[in-house]
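**Student:** Numbering (our numbering), first residue to last: 239 to 593.
Cβ atoms here follow ideal geometry from the backbone N, Cα and C, with glycine treated the same way.
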Amino acid sequence: MSISCPHSVNKIRSAFTPETSEGGGTLATMSKSVEGVADTFRDFRRSTKLLILVMLVFGLALFAICLVADLTGAEWMETYAYIPNILAGLTGFLIGVPFALVVFATLASQRNDKAAADRVNAVSQIAWNQFREAITTLCSPERTEALRVGAERVQSVHDETWHGFNVDIAKQSAEEFQQMVAFAKRQSEVWGGAIQSVMADIGAQSDLTLQWLAAVRDWNTLDQYVRLQRLERGLPWFHRELDALLQERMIADRHPMRPAFEMHDDHYVRQPGQPDSMVTAMRTVAYLSSLGSSQEAFDRAARQSTAHFPTTRVNAYSQTVMDVAHRMGMLYAFVQQIDGSGWPVIAPENPRLAS
Numbered sequence: 239m240s241i242s243c244p245h246s247v248n249k250i251r252s253a254f255t256p257e258t259s260e261g262g263g264t265l266a267t268m269s270k271s272v273e274g275v276a277d278t279f280r281d282f283r284r285s286t287k288l289l290i291l292v293m294l295v296f297g298l299a300l301f302a303i304c305l306v307a308d309l310t311g312a313e314w315m316e317t318y319a320y321i322p323n324i325l326a327g328l329t330g331f332l333i334g335v336p337f338a339l340v341v342f343a344t345l346a347s348q349r350n351d352k353a354a355a356d357r358v359n360a361v362s363q364i365a366w367n368q369f370r371e372a373i374t375t376l377c378s379p380e381r382t383e384a385l386r387v388g389a390e391r392v393q394s395v396h397d398e399t400w401h402g403f404n405v406d407i408a409k410q411s412a413e414e415f416q417q418m419v420a421f422a423k424r425q426s427e428v429w430g431g432a433i434q435s436v437m438a439d440i441g442a443q444s445d446l447t448l449q450w451l452a453a454v455r456d457w458n459t460l461d462q463y464v465r466l467q468r469l470e471r472g473l474p475w476f477h478r479e480l481d482a483l484l485q486e487r488m489i490a491d492r493h494p495m496r497p498a499f500e501m502h503d504d505h506y507v508r509q510p511g512q513p514d515s516m517v518t519a520m521r522t523v524a525y526l527s528s529l530g531s532s533q534e535a536f537d538r539a540a541r542q543s544t545a546h547f548p549t550t551r552v553n554a555y556s557q558t559v560m561d562v563a564h565r566m567g568m569l570y571a572f573v574q575q576i577d578g579s580g581w582p583v584i585a586p587e588n589p590r591l592a593s
């Protein structure tokens with residue numbers, strides 16, 4: 239006899255639902271067991287269900303006939319010993335086998351479902367661990383703090399340099415001009431050292447880009463493969479709003495540190511009139527320091543464009559870095575909240591989201 243018994247989401251979900259009290263837990267367990275048996279019966283093919291029902295009907299009919307005969311003292315019940323035994327055995331077979339079949343099929347199905355759910359949970363844990371490690375490494379508090387501290391130093395050198403150039407160079411004496419040239423040379427060296435220090439503390443841009451792409455790949459595995467496996471098995475996913483927030487951020491071309499890269503690197507394409515990056519501004523100062531032989535050329539180069547340093551400050555640098563640090567901190571906090579909830583083993587409660 240062929241039996242088709244696909245898994246049931248209700249049966250799986252019942253295996254992961256905590257009970258609230260001993261008495262209530264017993265009743266709930268019994269109720270879920272009955273539901274599991276009923277679900278198993280409904281999952282049988284039509285021919286199997288028909289066979290079970292026919293056996294039960296004949297079994298109950300035979301039971302009723304033999305019971306009436308026994309209670310009324312039918313002569314054949316007393317005359318023959320073998321026939322009543324055969325009828326009793328047949329009655330037990332017709333009634334017992336269908337029940338045993340459904341119960342054993344339910345137990346086997348639940349065992350298989352539990353094994354499959356355990357495998358999905360194991361894969362979920364591995365995928366989650368990889369994603370968690372990728373994000374907590376890339377957006378670690380140490381890297382975020384290093385970015386903040388380094389950016390403050392770069393901003394300080396920028397402000398000092400800008401104020402030093404905020405003079406009328408054309409009206410300076412020869413001695414004052416040479417002091418300006420020396421100042422430009424000194425500041426370009428200090429400025430370049432501050433920028434290099436930031437990038438050394440947070441890591442090379444190429445390495446950070448690869449780390450982000452690896453994190454996005456790990457998220458795609460978690461979101462596309464693991465999610466479908468868990469939905470199919472009725473297993474809990476983490477909080478829906480946290481999921482949406484991660485969906486919004488985990489995109490390959492949305493590196494959380496990209497705005498900081500753009501402010502520290504002049505390889506990005508900049509539109510006409512767009513403020514300089516810190517590297518571009520620093521190199522402008524270094525170039526000016528090489529024009530010490532001509533005060534007129536120095537002044538003309540310094541004033542050639544009102545959109546660039548040193549005529550115009552590198553605006554929004556500190557705010558950009560703070561925004562980057564905030565994005566990194568939020569990603570780190572989201573992952574920590576999910577990890578602290580106990581997922582993927584248990585369904586997390588709705589958390590209070592970081593802001």
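If you scan the stretch 373-431 from start to end, which runs of the beta strand (DSSP E) of 3 or more residues do you find wholly inside it?
**Tutor:** DSSP runs (the beta strand (DSSP E)) wholly in the stretch 373-431: none.
**Student:** Using a Cβ-Cβ cutoff of less than 7 Å, which residues in the same chain neighbour T308 once the five nearest sequence positions on both sides are dropped?
**Tutor:** In the sequence on display, residue 308 carries Asp and not Thr. If we look at D308 and ignore the five residues flanking it on each side, its Cβ neighbours are M315.
**Student:** If we ignore side chains and look at the alpha-carbon of each, how far apart do G580 and A299 end up?
**Tutor:** 54 Å
**Student:** Run through the stretch 529-572 for me and flag every whole alpha helix (DSSP H) of 4 or more residues, listed as ranges in chain order.
**Tutor:** 533-540
**Student:** Using the rule of at least 16 other Cβ atoms within 10 Å of the residue's Cβ for burial, across every protein chain shown, is F342 buried or exposed?
**Tutor:** exposed
**Student:** With a cut-off of 8 Å on the beta carbons, I'd call L376 and A453 a contact; round off their distance for me.
**Tutor:** 6 Å
**Student:** Of all Cβ atoms in chain E, is any one closer than 9 Å to the Cβ of E414?
**Tutor:** The chain labelled as chain E is not found in the depicted structure, where only one protein chain is given.
**Student:** Tell me, please, whether the stretch 328-344 touches the stretch 287-306 by the rule of three or more beta-carbon pairs shorter than 8 Å.
**Tutor:** Remark: three or more beta-carbon pairs, one from each stretch, lie closer than 8 Å, so the stretch 328-344 and the stretch 287-306 are flagged as touching.
**Student:** Let me make sure I understand the geometry here. Which of Q410, V436, N350, L484 has the alpha-carbon closest to that of D503?
**Tutor:** V436
**Student:** Would you tell me roughly how many angstroms separate the C-alpha atoms of F296 and S285, rounded to the nearest one?
**Tutor:** 17 Å
**Student:** How about N367 and V583: are their beta carbons less than 9 Å apart?
**Tutor:** Cβ atoms of N367 and V583: not closer than 9 Å.
**Student:** Buried or exposed, going by whether 16 or more other CB atoms sit within 10 Å of the CB of Q425?
**Tutor:** Its Cβ being crowded by 16 or more others within 10 Å, Q425 is buried.
**Student:** How big is the Cα-Cα spacing for F403 and E500?
**Tutor:** 24 Å
**Student:** If you scan the stretch 264-346 from start to end, which runs of the alpha helix (DSSP H) of 4 or more residues do you find wholly inside it?
**Tutor:** Counting only runs of 4 or more residues that sit fully inside the stretch 264-346, the alpha helix (DSSP H) segments are 284-309, 313-317, in chain order.
**Student:** When DSSP labels each residue in this structure, what does H502 get in the three-state scheme?
**Tutor:** helix
**Student:** Going by Cα to Cα distance, which pick from T382, K423, V428 is closest to V392?
**Tutor:** V428
**Student:** When the distance is taken between beta carbons, is Q533 closer than 9 Å to A408?
**Tutor:** yes
**Student:** Can you look up P582 in the DSSP assignment and give me helix, strand or coil?
**Tutor:** coil
**Student:** Quick one: what does DSSP say F369 is sitting in, helix, strand or coil?
**Tutor:** helix
**Student:** Helix, strand or coil for S515? Go by DSSP, reduced to three states.
**Tutor:** coil
**Student:** Could you tell me whether the stretch 378-396 touches the stretch 565-573, using the rule of 3 or more Cβ pairs below 8 Å?
**Tutor:** yes
**Student:** Taking only three categories from DSSP, how would you classify L484?
**Tutor:** helix
**Student:** Specify the secondary structure class of W475 as computed by DSSP and reduced to three states.
**Tutor:** coil
**Student:** Do H396 and V552 have their C-beta atoms within less than 9 Å of each other?
**Tutor:** yes
**Student:** At the level of alpha carbons, what is the spacing between T550 and L473?
**Tutor:** 57 Å
**Student:** Under a Cβ-count criterion, where at least 16 other Cβ atoms within 10 Å of its own Cβ denotes burial, should C311 be classed as buried or exposed?
**Tutor:** A small fix is needed here, since residue 311 is Gly in this sequence, not Cys. Result: exposed.
**Student:** From M516 to I433, what does the alpha carbon distance come to, in whole angstroms?
**Tutor:** 8 Å
**Student:** Taking C-alpha atoms, which residue in S528, D514, I373 lies nearest to K423?
**Tutor:** Taking only the C-alpha atoms, the option nearest K423 is S528.
**Student:** Whose C-alpha, out of G530, E398, F369, A355, is nearest the C-alpha of L469?
**Tutor:** Minimum Cα distance to L469 is reached at A355.
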